[in-house]
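S.K.:
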Amino acid sequence: MADDKKIGVYLCTDCGIGEALNVDELEAVAKKEFKVPVCKKHPNLCSTEGVQMIKDDLNNGEVNKIVIAACSQRVNNEVFNFDPLTYVTERVNLREQVVWTAPKGEDKEGTQLMAADYLRMGITRVQKSEVPVPKIADVNRTVLVVGGGVTGLTAALEAAQTGYKVVLVEKAQELGGWAKKMHRVFPTRPPFAEIEQPTIGVKIDAVKKDGNITVHTGTTIASIEGGPGEYKVTIDKNGANETFDAGAIVLAAGWKPYNASKLGHLGYGKHRNVVTNLEFEQNVNKCEGKVTRPSDGKPAKNVVFLQCAGQRDKEHVPYCSTVCCNVSLKQAKYVREADPDAGAFIVYKDMRTTGLYENFYKNAQDDEGIFLTKGEILGLKEESDGSLVVEIDNQLLGRKMKVKADILVLATGMVSNMVPDDMSVNNLTTEYIGKMVQRETSDGVIEALEPESLILNLKYRQGPEMPHLKWGFPDSHFICFPYETRRTGIYSAGAVRHPMDAVQSTADATGAALKAIQCMELTAQGRAVHPRTWDRTYPEIRFESCTQCRRCTVECPFGAYNEKSDGTPLDFPSRCRRCGVCMGACPQRVISFRDYSVDMISAMIKSIEVPDEGTFVIGFVCENDAYPAFDMVGLNRIGMKTNFRFIPLRCLGGLNLVWIADALSRGVDGILLLGCKYGDDYQCHYVKGSQMASERLGKVQETLDRLMLESERVEQVQLAINEWDKLPGILEEFSKKIEDIGDNPYKGF
-5 MADDKKIGVY
5 LCTDCGIGEA
15 LNVDELEAVA
25 KKEFKVPVCK
35 KHPNLCSTEG
45 VQMIKDDLNN
55 GEVNKIVIAA
65 CSQRVNNEVF
75 NFDPLTYVTE
85 RVNLREQVVW
95 TAPKGEDKEG
105 TQLMAADYLR
115 MGITRVQKSE
125 VPVPKIADVN
135 RTVLVVGGGV
145 TGLTAALEAA
155 QTGYKVVLVE
165 KAQELGGWAK
175 KMHRVFPTRP
185 PFAEIEQPTI
195 GVKIDAVKKD
205 GNITVHTGTT
215 IASIEGGPGE
225 YKVTIDKNGA
235 NETFDAGAIV
245 LAAGWKPYNA
255 SKLGHLGYGK
265 HRNVVTNLEF
275 EQNVNKCEGK
285 VTRPSDGKPA
295 KNVVFLQCAG
305 QRDKEHVPYC
315 STVCCNVSLK
325 QAKYVREADP
335 DAGAFIVYKD
345 MRTTGLYENF
355 YKNAQDDEGI
365 FLTKGEILGL
375 KEESDGSLVV
385 EIDNQLLGRK
395 MKVKADILVL
405 ATGMVSNMVP
415 DDMSVNNLTT
425 EYIGKMVQRE
435 TSDGVIEALE
445 PESLILNLKY
455 RQGPEMPHLK
465 WGFPDSHFIC
475 FPYETRRTGI
485 YSAGAVRHPM
495 DAVQSTADAT
505 GAALKAIQCM
515 ELTAQGRAVH
525 PRTWDRTYPE
535 IRFESCTQCR
545 RCTVECPFGA
555 YNEKSDGTPL
565 DFPSRCRRCG
575 VCMGACPQRV
585 ISFRDYSVDM
595 ISAMIKSIEV
605 PDEGTFVIGF
615 VCENDAYPAF
625 DMVGLNRIGM
635 KTNFRFIPLR
645 CLGGLNLVWI
655 ADALSRGVDG
665 ILLLGCKYGD
675 DYQCHYVKGS
685 QMASERLGKV
695 QETLDRLMLE
705 SERVEQVQLA
715 INEWDKLPGI
725 LEEFSKKIED
735 IGDNPYKGF
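Take a look at the structure:
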């Protein structure tokens, strides 16, 4: 354990710090208030000479805890890179968030007081920190790939080609998925205009021949226990179980077509020659390229394709499946290739052929036998010979028209295989209670899903399946971390994650395979996996004080805890993202990290010198969006008020209500929580952290009532990193609101 007395404080005077601040006064704060044995100034601390000065003190044994008062913790990390397993390093941001945001030409005293408080908090933090003792165990480096379609095959090959062992599990009796059932595929080569022969067979052969890949077809997963680097996977193959170890998992379970039996209003199930796009594809493939009517096998002369059949419709599939327009263009070409005199009519809401597929769209437009129109089908009538009369509202021509067709093809869209077969994407809930996954039926009744409807069968306290979004897609931070699900070590890829074609799925599979490898290697070093990849700490629990309230096991966004029958948490460090949400959730404050704890933040709050006069505010800021937003304000030299002090948190979801009480009882007038956005388009790096902070804030009223203070003194603001320019206005507005409320009656005590 490090000796608290061996703290070294290093003050930089470069980048305007020396001109804007009285560095001698800051030196006095370290030496006189904190009795720091080593405190040095340097004109350019990030220079070779400046870093060497610190290294000399470390090598001489004079220092083992370092406070660098200079620039932001988000820059110069490679410069101030001292062995984290030997030394504790704390960065105090005097440049971006003090000097560069100082009001122009005024309030020098306020700027100096701000710098002094930040230095106090930095020294306090380093006093309370200890070097991490990472949990390093033997890590299994086998990748489990769930699904044998184009995504799963690609993920398996990519992982195997880097030297890792792979076990591929496929529920069907053969590999290839839907791709093997396609007659032709979208263009994959320049000029991206013509349909091509499928190449899935080549990929299947490559997987079967690769010595690093073990394939199990006709197999399901009976259970998965453990966490990254230490999964115990049990598979079920024809009733016989087999168990093996795995280090990470790629979920490539794929998609299924929307249940067209719900589209009776479009003639499906009523008229013999109304089919889905997938049924049309399979029939053409079976007939070796011929386009025939399902009712009698006669060649089709006219085929109508209806886009968005049930899609972008809140009653069926509320989203766009992205690939259906290309599918209809491809199948229209089947019609023309089978019979040059045949006609293909595509009726669309919008034609969505993104990227280079626009060339594919243009190529189809140039075919005089393919007719495209924006419109809707108004009516459908079947004649005695099975032909269909389709009435169309042609919105391009502004008139109604009728087309006699041999086949009507419905573009029904893609549904994630995360959605059980008997469920609609519109009645899927994300409620996880105990060991059950739930769904809400049409009459509002909550039912538990049967185990056979599950894919992974996880032995997790929060449920046996992946947390999912409202339409059944695996939940993740889809902007910054698209592959990372809310189960650390499990990476989704392909159409199970969101609708995509085979080309996109191939790229997606590569990304997921690489993330799975990264996970295993970081776990082997005892490090966190995204976003704090440098972090070797983990939650430590004082079990003798645990009351088995289950808050940590329920609220962890990533299911890092299981629990004993009495509610005592069982932690899996390799599942943990080090966000600290459990630390904020614990009412007994028994969960902490070696360099991050409830006591540490409380001590930092108490180290601040709250002025006797004037409005004074403390802000708790998320290190992922809000903190860099403050840096952006500094980089743009925008002045801000100096009556704020900001404390960075790993995640706003780690907010412990005791910090609110500590700050207000110290005389702080207001508390501002600045975190990531949450909701349907959330930005939170820990998925639910900012939302949990909001929920916790709803319970702060009890604390305020006890202190006899107004609830308006505490406020949460959602802030994306690109909204940095709003910060000065946010601070000004909140400061004015607190000023109107009046001084905290505890000020001065």
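By this note's numbering, the letter at position 358 of the sequence shown is numbered 352, and the numbering carries on one by one without gaps.
Backbone N, C-alpha and C define an ideal beta-carbon position, used for all residues, glycine too.
Which residue marks the beginning of the beta strand (DSSP E) containing N87, and which one marks its end?
M.R.: One-based indexing of the sequence shown puts residue 87 at position 93. Where N87 is concerned, the enclosing beta strand (DSSP E) stretches over 82 to 87.
S.K.: When DSSP labels each residue in this structure, what does I654 get in the three-state scheme?
M.R.: Residue 654 sits at position 660 when you count from the first residue of the sequence shown. In this structure, I654 counts as helix in the three-state DSSP scheme.
S.K.: Just curious, the beta strand (DSSP E) that A399 is in, first and last residue?
M.R.: Walking along the sequence shown from the start, residue 399 turns up at place 405. From DSSP, the beta strand (DSSP E) with A399 extends over 393 to 399.
S.K.: Going by beta carbon distance, what residues of the same chain come within less than 6 Å of F74, once the five residues before and after it are set aside?
M.R.: Translated into positions along the sequence shown, residue 74 becomes position 80. For F74, where only same-chain residues beyond five positions count, the Cβ hits under 6 Å are I62.
S.K.: Whose C-alpha, out of L366, W249, K280, I130, is nearest the C-alpha of N320?
M.R.: By 1-based counting over the sequence shown, the position of residue 320 is 326. Cα-wise, what sits closest to N320 is L366.
S.K.: Can you tell me which residues form a DSSP beta bridge with C33?
M.R.: As a position in the sequence shown, residue 33 is number 39, starting the count at 1. Per DSSP, V3.
S.K.: Taking 6 Å as the limit between beta carbons, can you name the residues of its chain near C9, skipping five residues before and five after?
M.R.: Your numbering for residue 9 matches position 15 in the sequence shown. Closer than 6 Å at the Cβ level, and outside the excluded window around C9, lie R89.
S.K.: Please name the residue or residues paired with I229 in a DSSP beta bridge.
M.R.: If you number the sequence shown from 1, residue 229 lands on position 235. Note: I229 sits in a beta bridge opposite I215, E236.
S.K.: Check P293 in the structure and name its three-state DSSP category.
M.R.: Position 299 of the sequence shown, counted from the first residue, corresponds to residue 293. In the three-state scheme derived from DSSP, where H, G and I count as helix and E and B as strand, P293 is classed as strand.
S.K.: Flag this pair as yes or no: are the beta carbons of G143 and A242 separated by less than 8 Å?
M.R.: The residue labelled residue 143 in the question sits at position 149 within the sequence shown. The residue labelled residue 242 in the question sits at position 248 within the sequence shown. The answer is no: Cβ separation not under 8 Å.
S.K.: Which residues share a DSSP beta bridge with V268?
M.R.: Position 274 of the sequence shown, counted from the first residue, corresponds to residue 268. DSSP output for V268 lists L402 as bridge partner(s).
S.K.: Could you say which of K174, K175, T193, N271 lies nearest to R183 if we only look at CA atoms?
M.R.: Taking the sequence shown and counting its residues from 1, one reaches residue 183 at position 189. R183 has its Cα closest to that of T193, out of K174, K175, T193, N271.
S.K.: Just to check my reading of the structure: G248 and G171 have Cβ atoms closer than 8 Å, yes? What is that Cβ distance to the nearest angstrom?
M.R.: Translated into the one-based positions of the sequence shown, residue 248 becomes position 254. Translated into the one-based positions of the sequence shown, residue 171 becomes position 177. So it is a contact: roughly 6 Å between Cβ atoms.
S.K.: Check whether the stretch 601 to 608 touches the stretch 617 to 632, counting contact only when three or more Cβ pairs, one atom from each stretch, lie closer than 8 Å.
M.R.: no
S.K.: Could you check whether N279 and K175 sit closer than 8 Å to each other, using their CB atoms as the reference points?
M.R.: The count along the sequence shown starts at 1 and reaches residue 175 at position 181. The count along the sequence shown starts at 1 and reaches residue 279 at position 285. Contact: yes.
S.K.: I need the straight-line Cα distance from S436 to V652, nearest angstrom please.
M.R.: Counting from 1 along the sequence shown, the entry for residue 436 is found at position 442. Counting from 1 along the sequence shown, the entry for residue 652 is found at position 658. In this prediction, S436 has a pLDDT of 44, which is less than 50 and means its spatial position is unreliable; nothing more can be read from the coordinates.
S.K.: Take W528 as the anchor and find which of P126, I732, A240, L508 has the nearest alpha-carbon.
M.R.: Translated into the one-based positions of the sequence shown, residue 528 becomes position 534. Comparing Cα positions, the closest option is P126.
S.K.: When the distance is taken between beta carbons, is A399 closer than 8 Å to V297?
M.R.: Locating residue 297 in the sequence shown gives position 303, where the first residue counts as 1. Locating residue 399 in the sequence shown gives position 405, where the first residue counts as 1. Yes, the pair counts as a contact, with Cβ atoms nearer than the cut-off.
S.K.: Alpha carbon to alpha carbon, what distance is there between V163 and A503?
M.R.: Mapped onto the sequence shown, residue 503 falls at position 509. Mapped onto the sequence shown, residue 163 falls at position 169. Distance between the alpha carbons of A503 and V163 is about 15 Å.
S.K.: Check whether the Cβ atoms of C40 and A64 sit closer than 8 Å, and answer yes or no.
M.R.: The residue labelled residue 40 in the question sits at position 46 within the sequence shown. The residue labelled residue 64 in the question sits at position 70 within the sequence shown. Yes, they are a contact pair.
S.K.: In or out: D619 buried (at least 16 other Cβ within 10 Å) or exposed?
M.R.: In the sequence shown, residue 619 corresponds to position 625, counting from 1. The residue in question, D619, is buried, as its Cβ has 16 or more Cβ neighbours within 10 Å.
S.K.: Quick one: any contact between the stretch 479 to 498 and the stretch 216 to 229, if contact means 3 or more CB pairs under 8 Å?
M.R.: yes
S.K.: If contacts are defined as beta-carbon pairs under 8 Å, then A240 and V161 qualify, I think. What distance do you get, rounded to the angstrom?
M.R.: As a working note, residue 240 is residue 246 in the sequence shown. As a working note, residue 161 is residue 167 in the sequence shown. Right, their Cβ atoms sit about 7 Å apart.
S.K.: From G141 to V196, what does the alpha carbon distance come to, in whole angstroms?
M.R.: As a working mapping, residue 141 is identified with position 147 in the sequence shown. As a working mapping, residue 196 is identified with position 202 in the sequence shown. When rounded, the distance between both Cα atoms is 17 Å.
S.K.: Compute the Euclidean distance between the alpha carbons of V3 and E704, then round it to the nearest angstrom.
M.R.: The count along the sequence shown starts at 1 and reaches residue 3 at position 9. The count along the sequence shown starts at 1 and reaches residue 704 at position 710. Distance from the CA atom of V3 to the CA atom of E704, rounded to whole angstroms, is 39 Å.
S.K.: For the candidate residues P476, C281, T347, E84, whose alpha-carbon lies nearest to that of R68?
M.R.: Stepping through the sequence shown from its first residue, residue 68 is reached at position 74. Of the listed residues, the one whose Cα sits closest to R68 is E84.
S.K.: For S410 and K122, which I take to be in contact (beta-carbon distance under 8 Å), what is that distance rounded to the nearest angstrom?
M.R.: Counting from 1 along the sequence shown, the entry for residue 410 is found at position 416. Counting from 1 along the sequence shown, the entry for residue 122 is found at position 128. With 8 Å as the limit, S410 and K122 do not qualify as a contact, their Cβ atoms being about 45 Å apart.
S.K.: D542 and G561: beta carbons closer than 8 Å?
M.R.: Looking up residue 542 in the sequence shown gives position 548. Looking up residue 561 in the sequence shown gives position 567. In the sequence as displayed, the identity of residue 542 is Gln instead of Asp. The answer is yes: Cβ separation under 8 Å.
S.K.: What does DSSP give as the partner residues of W249 in its beta bridges?
M.R.: For the purposes of this step, residue 249 is taken as residue 255 along the sequence shown, with counting starting at 1. Answer is S410.
S.K.: Please report the distance separating the alpha-carbon of E124 from that of T228.
M.R.: Position 130 of the sequence shown, counted from the start, is the residue given in the question as residue 124. Position 234 of the sequence shown, counted from the start, is the residue given in the question as residue 228. Approximately 40 Å, taken between the alpha carbons.
S.K.: Could you tell me which of S688, L350, P567, M598 sits nearest to P533, measuring between CA atoms?
M.R.: Here residue 533 refers to the residue found at position 539 of the sequence shown. For P533, the nearest C-alpha among the options comes from P567.
S.K.: Three-state secondary structure (DSSP) at H259?
M.R.: The residue you call residue 259 lines up with position 265 of the sequence shown. The answer is helix: DSSP assigns H259 an H, G or I state.
S.K.: Can you give, in chain order, each stretch of the beta strand (DSSP E) that sits fully within the stretch 323 to 372 and has at least 3 residues?
M.R.: 337 to 342
S.K.: From this set, H679, I449, D360, K368, which residue's C-alpha is nearest A166's C-alpha?
M.R.: Here residue 166 refers to the residue found at position 172 of the sequence shown. A166 has its Cα closest to that of I449, out of H679, I449, D360, K368.
S.K.: Grouping DSSP H, G and I as helix and E and B as strand, with all else coil, what is K159?
M.R.: Within the sequence shown, the letter at position 165 stands for residue 159. Here K159 sits in strand by DSSP.
S.K.: Just to confirm my understanding: we take K231, look at its own chain, exclude 5 residues before and 5 after, and list those with CB closer than 7 Å. What are they?
M.R.: Reading the sequence shown from its first residue, position 237 is the one you call residue 231. Closer than 7 Å at the Cβ level, and outside the excluded window around K231, lie H210, G212, T213.
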